[in-house]
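Notes to accompany the following structure.
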Ligand code: BES
Ligand code: MN
Ligand code: ZN
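In the numbering used here, the protein residues as written are 9 to 507.
Put into structure tokens, the structure is as follows:
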């Protein structure tokens, strides 16, 4: 879908469909819908009085104008109760309107924007575009039958009246597009199956992004990682025929800006290895590279938005498979940090590859490290499938993550990292084990990671739940979600030099 901004008035604009939003009654109509209503001799307000359109949240009503207006159709979309309105509902409403238009086979729509409820045009346009583009996302790459039945909206036109409004709308559109495209790229990578999205393909994708946006890139082969001492990453990678890649991208290198390291788990398929998983739902384990996809997408958006930060994106990528070369329970690994780990389960592979990636990130002396990983099933049990587990060693960084979470609607909930939990990881033969008991699984995974960041402010996001969902949300279709991307971008946009 192409989206652009134009000058125009709702009641005068000739188009296939005019998109209008309204709160629930008894709110009086305001803004563009009010101007359209008066031009239409009170048709919309009558309809609402009769109860044929109530303005309930996400309610959609399609109307034909029969030449009463230059627009051929009007779509009314409900915003619910005015007092409960926020940007999260707004994104949902934009999505529901977009899905309605697309599913009706209508190819073009016009949407007039005026500030309301203390929200600026920039914010409204940005969140509208995000809700619309994320809500109408589809993964059709491998659908070969009835391709002609796949519906897409051709163009959306956002209209404003004054030069100032148009300026603000264009700005909101630009950011909204950059963010949505990044999220959709992450979704494509997550939805792509493991026979397509291999570590090599992830590395190629990173190369491509590095080239387009002028970023530095380094892709280490497993043999190079081995020579550097990444015993944990190598142990996981060596069980697979598919070559592992240790990918680092760097944006704004050598400009004296604050350095932030983003680390993403890139297991392109997690069978569990020798500690093999049950086959039920194993197909979901293609999404085990969602952390890496989120890091890659964030790097892309950050550079498009020209954020004044030095970012390092680190993505250890490999499969986790059983084979004659695979690592085994009982093996003792020497990590890049020098600390040794006794492998109890080869299915706790994420923390292993991340341990080396976290240690590696310290070379950049970052002000903060944020890692994203589909780390534990236990986190899904604890928080469900739309909440990110938040862990960290730095109050200020954690609360800024929570602030970004509030703004983006990407919910997160803190879990503790008390020292006592470390007891579960004590090993008789090595510095620690890679698995504790069944209890507190998400916390134990995070405690393990905490041993590899030294004193650097660090936050770990366990995205095992929200990375891929079975039940759609207002602007998040089923499948890969791009979890964490919007949250990270918001955090980075709000970053202040003196943190
Ligand atoms: N990739 C999984 C975690 C996961 C499970 C993500 C379900 C999404 C949905 C991870 O590598 C894993 O297997 N974790 C184990 C850890 C255990 C062996 C300590 C788990 O959660 O069972
Ligand atoms: Mn696993
Ligand atoms: Zn995994």
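Cβ coordinates follow ideal geometry from the N, Cα and C atoms, glycine included. What you are looking at is a predicted structure, and each value in this text was computed from that prediction instead of being measured.
- A heavy atom of the ligand BES is found nearer than 7 Å to the CB of residue 292.
- Boundaries around residue 189 are those of the alpha helix (DSSP H), 171-199, since no beta strand (DSSP E) includes it.
- In the structure shown, the three-state DSSP call for residue 15 is strand.
- Distance from the CA of residue 445 to the CA of residue 296, rounded to the nearest whole angstrom, comes to 22 Å.
- Residues of the same chain with a CB within less than 7 Å of the CB of residue 87, apart from the 5 flanking positions on each side, are 29, 30, 31, 63, 65, 93, 97, 101 in chain order.
- At least 8 Å separates the beta-carbon of residue 118 from that of residue 77.
- The alpha-carbon of residue 194 is positioned some 14 Å away from that of residue 185.
- Ranking 363, 85, 198 by CA distance to the CA of residue 37 puts 85 first.
- The alpha helix (DSSP H) runs of length 4 or more contained entirely in the segment 219-253 are, from start to end of the chain, 230-236, 239-245.
- A residue is listed when its beta-carbon falls short of 5 Å from at least one non-hydrogen atom of the ligand BES; in chain order these are 278, 296, 353, 355, 356, 358, 382, 384, 385, 443, 472.
- Residue 276 and residue 74 have their C-alpha atoms some 54 Å from each other.
- Judged by DSSP secondary structure, residue 107 falls within the alpha helix (DSSP H) whose first and last residues are 95-111.
- Taking all protein chains in view, the Cβ of residue 498 is crowded by 16 or more other Cβ atoms within 10 Å, so the residue is classified as buried.
- With 16 or more neighbouring CB atoms inside 10 Å of its own CB, residue 349 falls in the buried class.
- Contact between residue 137 and residue 53 is ruled out by a C-beta separation of about 29 Å, above the 8 Å threshold.
- For a cut-off of 8 Å, the C-beta gap from residue 470 to residue 383 is around 5 Å, short enough to register as a contact.
- Pairing residue 111 with residue 159, the inter-Cα distance amounts to about 7 Å.
- Closest by C-alpha distance to residue 368, out of 392, 165, 343, 178, is 343.
- Distances from the alpha-carbon of residue 57 to those of 374, 35, 47, 463 put 35 closest.
- Distances between the C-beta of residue 361 and the heavy atoms of the ligand ZN are all 7 Å or more.
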